[in-house]
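What follows is one structure encoded as structure tokens, with my remarks underneath.
Number of protein chains: 2
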Amino acid sequence: MAKAKQSESRTLAADAYRLIQEGIRSGRFKPGDRLRFADLQQLCDMSVTPVREALARLTAEGFTTLDDHRGYSVAGLSLAELRDITANRQLCEGEALRLSILNGDAEWEARVVAAHHLMSRIPQGREDIPSAMREDWEERHAAFHTALISACGSPILLEICAKLFSRADRYRRVSVSIAGASRDVAAEHRAILERTLDRDAAGAVHALRGHYQRTADALEAFFEVT
Amino acid sequence: MAKAKQSESRTLAADAYRLIQEGIRSGRFKPGDRLRFADLQQLCDMSVTPVREALARLTAEGFTTLDDHRGYSVAGLSLAELRDITANRQLCEGEALRLSILNGDAEWEARVVAAHHLMSRIPQGREDIPSAMREDWEERHAAFHTALISACGSPILLEICAKLFSRADRYRRVSVSIAGASRDVAAEHRAILERTLDRDAAGAVHALRGHYQRTADALEAFFEVT
DNA sequence: GAGTCAACGATTTTCGAAAATCCAATGCAC
DNA sequence: GTGCATTGGATTTTCGAAAATCGTTGACTC
Numbered sequence: 711m712a713k714a715k716q717s718e719s720r721t722l723a724a725d726a727y728r729l730i731q732e733g734i735r736s737g738r739f740k741p742g743d744r745l746r747f748a749d750l751q752q753l754c755d756m757s758v759t760p761v762r763e764a765l766a767r768l769t770a771e772g773f774t775t776l777d778d779h780r781g782y783s784v785a786g787l788s789l790a791e792l793r794d795i796t797a798n799r800q801l802c803e804g805e806a807l808r809l810s811i812l813n814g815d816a817e818w819e820a821r822v823v824a825a826h827h828l829m830s831r832i833p834q835g836r837e838d839i840p841s842a843m844r845e846d847w848e849e850r851h852a853a854f855h856t857a858l859i860s861a862c863g864s865p866i867l868l869e870i871c872a873k874l875f876s877r878a879d880r881y882r883r884v885s886v887s888i889a890g891a892s893r894d895v896a897a898e899h900r901a902i903l904e905r906t907l908d909r910d911a912a913g914a915v916h917a918l919r920g921h922y923q924r925t926a927d928a929l930e931a932f933f934e935v936t
Numbered sequence: 711m712a713k714a715k716q717s718e719s720r721t722l723a724a725d726a727y728r729l730i731q732e733g734i735r736s737g738r739f740k741p742g743d744r745l746r747f748a749d750l751q752q753l754c755d756m757s758v759t760p761v762r763e764a765l766a767r768l769t770a771e772g773f774t775t776l777d778d779h780r781g782y783s784v785a786g787l788s789l790a791e792l793r794d795i796t797a798n799r800q801l802c803e804g805e806a807l808r809l810s811i812l813n814g815d816a817e818w819e820a821r822v823v824a825a826h827h828l829m830s831r832i833p834q835g836r837e838d839i840p841s842a843m844r845e846d847w848e849e850r851h852a853a854f855h856t857a858l859i860s861a862c863g864s865p866i867l868l869e870i871c872a873k874l875f876s877r878a879d880r881y882r883r884v885s886v887s888i889a890g891a892s893r894d895v896a897a898e899h900r901a902i903l904e905r906t907l908d909r910d911a912a913g914a915v916h917a918l919r920g921h922y923q924r925t926a927d928a929l930e931a932f933f934e935v936t
């Protein structure tokens with residue numbers, strides 16, 4: 711009887727979800743890898759049922775794929791998908807940002823400024839910072855982008871954006887080493903922030919779309935080589 | 711030992727998914743209803759595991775909601791959500807249609823024309839047609855809208871649109887009786903078709919957005935009364 | 001009478017094993 | 001040697017029961 715202690719969450723299935731997702735995002739499980747239940751049960755220290763539920767959720771979010779009676783695998787990465795994700799993020803987050811600028815109040819502005827500040831306190835481009843710090847930056851980076859669109863007023867749009875963000879995350883992590891090389895990411899973020907606070911919707915959306923485009927281009931260059 | 715015969719699909723979980731979704735869309739399970747495993751097991755004639763997997767999928771798609779340790783319920787319907795779904799369909803399907811017009815070839819045009827023809831052969835506005843026929847029309851209606859955007863070149867966008875479509879479907883079914891009352895839905899579809907074949911992207915997108923707006927308005931009127 | 005707490009019943013969640021399915025390897029006919 | 005059916009092992013999928021959890025009832029105190 712495996713006696714997993716349900717450390718942080720309310721169900722074992724939720725723990726399994728986190729563990730497996732982490733394994734995929736960190737690269738422990740590589741694209742295309744088959745995910746055997748026996749292995750995952752051992753990793754998560756629990757029975758098959760919660761693992762199965764976790765995989766169902768991960769599949770719905772595009773992290774894994776399911777072949778009937780052949781089990782689950784880690785979803786593959788491809789240039790085509792990277793471009794597709796980018797295009798849809800530009801569309802959806804662009805619109806969400808536009809709506810936020812239209813609807814957002816002073817509290818929203820405060821959230822955006824605060825999130826940006828937290829992110830700017832950690833240098834991202836440097837190579838020598840410990841990975842724990844990098845992890846921290848990723849988190850604050852995500853928080854900044856979430857704050858930007860948080861006043862759009864559309865729960866569904868926010869959900870779509872969140873899913874696209876976490877899907878894009880896998881691509882970002884593949885190529886951490888080259889990410890900040892020749893770009894001034896901080897300046898791009900500042901530009902988005904300034905135009906947002908100026909309530910310049912068109913300018914802010916343009917800056918955001920450009921930001922994503924440059925991120926995708928950098929990753930694409932990395933992919934070509936590999 | 712329940713011996714479900716796995717009629718059409720490759721796994722029992724897939725059968726359960728279909729059965730429960732049908733139960734929700736048909737109104738057998740009403741918004742807010744709690745979905746007890748005991749009931750669903752009896753309905754589907756299978757054990758708890760595949761039912762659980764089906765509910766996980768349905769939850770990811772917005773048909774049901776999950777409270778930890780309190781089980782699943784049918785997602786509620788609300789005016790706010792209807793408006794939200796409509797707005798996002800206008801955004802996403804609008805863009806998908808624009809891209810399709812940009813990229814689509816003659817084969818795509820043929821698919822669109824064919825789908826429209828099939829749909830136009832069934833009168834939708836009439837009250838006295840059997841529900842089986844109405845079911846048929848719904849199917850062809852969905853096929854028409856799918857065909858319109860099928861050449862957009864973005865699998866992710868197509869997936870988003872499909873999910874939004876099936877979510878909107880629940881609202882449509884609540885109010886079948888008033889649907890075609892004071893509108894000429896067929897004319898709206900024709901307008902979309904014509905502008906699409908003319909490769910008039912802006913016009914086609916405008917017509918599509920208007921189509922969804924009017925659909926939502928009609929449903930909204932129904933909701934207000936109820 | 002209002003409030004707290006323990007025990008119960010209903011329900012979900014998880015388990016470990018059985019059944020079903022797939023893939024690869026083997027044997028056989030031609 | 002090639003093609004086809006068959007068997008075996010590995011893996012997924014499903015089962016039925018046990019464990020955990022929640023909401024409620026009822027008793028008890030203040």
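In order, the protein sequence lines correspond to chains A and B. 711 is the number of the first residue of the first sequence in the numbering used here; add one for each residue after it. 711 is the number of the first residue of the second sequence in the numbering used here; add one for each residue after it. Virtual Cβ for every residue (Gly too), placed ideally from N, Cα, C. Keep in mind it's a predicted model, so treat the numbers as computed, not measured.
- Interface with chain B (8 Å Cβ-Cβ cutoff): A/Asp778 is included.
- Proximity of chain A to B/Arg893 at the Cβ level (cut-off 9 Å) is not reached, the minimal Cβ distance being about 25 Å.
- Taking the CA atoms as reference points, A/Thr796 sits about 27 Å from B/Ala917.
- Contact between A/Lys873 and A/Glu771 is confirmed by a C-beta separation of about 6 Å, below the 8 Å threshold.
- Taken atom to atom, the span from the alpha-carbon of A/Leu776 to that of B/Pro865 is near 17 Å.
- At least 8 Å separates the CB of A/Arg738 from every CB of chain B.
- The beta-carbon separation of A/Asp879 and A/Arg735, rounded to 6 Å, stays under the 8 Å limit for a contact.
- Scanning chain B for C-beta atoms nearer than 8 Å to the C-beta of A/Thr759 yields Thr759 and Arg762, reported in chain order.
- Taken in chain order, the members of the region 868 to 883 of chain B whose beta-carbon sits within less than 7 Å of a beta-carbon on chain A are Ile870.
- A/Ala926 counts as buried, since no fewer than 16 other beta carbons sit within 10 angstroms of its beta carbon.
- The alpha carbon of B/Ala928 has as its nearest neighbour, out of B/Ser860, B/Leu907 and B/Val895, the alpha carbon of B/Val895.
- In the DSSP assignment, B/Gly781 falls outside any alpha helix (DSSP H) and lies within the beta strand (DSSP E) extending over Gly781 to Val784.
- Annotation for B/Thr759: the continuous alpha helix (DSSP H) segment containing it runs Val758 to Ala770.
- With a cutoff of 8 Å on beta-carbon distance, B/Cys862 and B/Ser810 are scored as near each other.
- Secondary-structure assignment with DSSP links A/Thr774 through a beta bridge to A/Val784.
- Under the Cβ criterion of 8 Å, B/Asn813 is not counted among the residues facing chain A.
- In the three-state DSSP reduction, A/Arg905 falls in the helix class (H, G or I).
- DSSP places B/Cys871 in the uninterrupted alpha helix (DSSP H) bounded by Pro865 to Val884.
- The beta carbons of A/His851 and A/Leu903 sit about 13 Å from each other, so the pair does not count as a contact at 8 Å.
- Non-local beta-carbon contacts of B/Ala914 in its own chain, meaning distances under 7 Å to residues more than five positions away in sequence, involve Leu807, Ile811, Ile902, Arg905 and Thr906 in chain order.
- Nearest neighbour of A/Gln800 by Cα position, chosen from A/Glu930, A/Phe932, A/Tyr922 and A/Phe933, turns out to be A/Tyr922.
- Shown here for B/Arg793: not one same chain residue has a beta carbon closer than 6 Å to its own, the five before and five after excluded.
- At a cut-off of 8 Å between beta-carbon atoms, A/Pro741 makes no contact with chain B.
- Look at A/Arg821 here: in three-state DSSP terms it is helix.
- Here A/Ser783 is near A/Arg744, since their CB atoms are less than 8 Å apart.
- Residue state for A/Arg738 is assigned as coil, using DSSP reduced to three classes.
- If you check the CB distance, B/Leu789 and B/Pro741 do not come in under 8 Å.
- In the assembly as shown, A/Asn798 is a buried residue. Its beta-carbon has 16 or more other beta-carbons within 10 Å.
- Distances from the CA of B/Asp755 to each of B/Phe773, B/Arg780, B/Ala723 and B/Ser876 were compared; the closest alpha carbon is that of B/Ala723.
- B/Arg744 is bridged by DSSP to B/Ser783.
- For A/Asp794, the enclosing alpha helix (DSSP H) starts and ends at Leu789 to Asn813.
- With a threshold of 8 Å between beta carbons, A/Arg919 makes no contact with chain B.
- In this structure, B/Ala764 lies near B/Ala726, with their beta-carbon atoms less than 8 Å apart.
- For A/Ile832, the secondary structure class from DSSP, reduced to helix, strand or coil, is coil.
- Contact between A/Asp749 and B/Thr721 is ruled out by a C-beta separation of about 21 Å, above the 8 Å threshold.
- Proximity to A/Pro760 across A/Phe932, A/Ser719, A/Asn813 and A/Phe773 peaks at A/Ser719, based on C-alpha coordinates.
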